[in-house]
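Engineer: Take the sequence shown: its letters are residues 149 to 331, numbered as in the working numbering.
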Amino acid sequence: MQDLSLHLLDLVQNSIAAGATQIVINVEEDEEKDWLSIAIEDNGRGMDNETIKRATDPFYTTRTTRKVGLGLPLFKATTERCGGHLNLQSTVGKGTRIEAEFQLGHIDRPPFGRIDETMVTLILCNAEIDFVYSHKTKYGQFLLDTREIRKIIGELPINNVEVITWIQSYIREGLNEINGGVL
Numbered sequence: 149m150q151d152l153s154l155h156l157l158d159l160v161q162n163s164i165a166a167g168a169t170q171i172v173i174n175v176e177e178d179e180e181k182d183w184l185s186i187a188i189e190d191n192g193r194g195m196d197n198e199t200i201k202r203a204t205d206p207f208y209t210t211r212t213t214r215k216v217g218l219g220l221p222l223f224k225a226t227t228e229r230c231g232g233h234l235n236l237q238s239t240v241g242k243g244t245r246i247e248a249e250f251q252l253g254h255i256d257r258p259p260f261g262r263i264d265e266t267m268v269t270l271i272l273c274n275a276e277i278d279f280v281y282s283h284k285t286k287y288g289q290f291l292l293d294t295r296e297i298r299k300i301i302g303e304l305p306i307n308n309v310e311v312i313t314w315i316q317s318y319i320r321e322g323l324n325e326i327n328g329g330v331l
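1. Indicate whether the contact test is met: 3 or more Cβ pairs, each with one atom in the region 173-185 and one in the region 281-297, closer than 8 angstroms.
2. Given a cut-off of 8 angstroms on the beta-carbon distance, is the pair A248 and L234 in contact?
3. What does the Cβ neighbour count give for S163, buried or exposed, with the cut at 16 atoms within 10 Å?
4. So, at 6 angstroms on beta carbons, what are the nonlocal neighbours of D158 in its own chain, with the 5 sequence-adjacent residues on each side left out?
5. To which residues of the same chain is L184 closer than 6 angstroms at the C-beta, ignoring the five residues directly before and after it?
6. Only counting runs of 4 or more residues, tell me where the alpha helix (DSSP H) segments fall wholly within the region 235-305, in order along the chain.
7. From this set, E228, T169, V311 and Q237, which residue's C-alpha is nearest D198's C-alpha?
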C-alpha cells in the first residue's frame, strides 16, 4: 500500500465487515523515541484463537468471494519492514484490537497520506457507525468523534454533503495544527 491512510481504510473495512458499530483509531507519534503507534479497536464479532493465529497469513481469509486476504498481512509486513511489530487481540462477541508500532523515521515507512479523505469516505459510506479518530504528536492532540458531531447536528444526517464537507475541513485543519502547520 502506498500510504498509511490506505492501510487504515482496509483494516477499518474489516471491522465494518465484522459488524462493528463503533471503531476507534488511535495514532500516536513520538519523535523523541522515533516511534509510531497505530491502533484500531472495534466492537465487532471478534475472532477465535484459531482465526487470530491465521489472520496475518495472506492465503487465509474468511471471505467467500476470493481465496486471499492481504490487508492485515500487508500491514504487518509494513510494520516489520520499519523495525516494528503488530499485535492482534480479539474476543468472540466483543471485538478486535490491532496495534502496530514501528520506527517513525524509518526510510521505508509510508507517508500518512490523506487521512482526511479516508475518514470522510468511511463516515460517508457508513453513516450508522460511530468513528473516533485520535492523533497525538508533540504539538498536541486531534480528536474526531462522530458521536459528538451527531449531538451538534441533531436530525441532520452525518453524511449530509455540508456536514461531510465540514468534517473534512475540520480533520485537515486539526491534523495541520498538530503537525506544526505542515501536512
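Every residue, glycine too, gets a C-beta built ideally from N, C-alpha and C.
Structural biologist: Result, derived from the coordinates:
1. yes
2. yes
3. buried
4. G219
5. E177, F250 and L252
6. 263-273 and 294-301
7. Asp is not the amino acid found at residue 198; the sequence shown has Glu there. It is Q237 whose Cα lies nearest to the Cα of E198.
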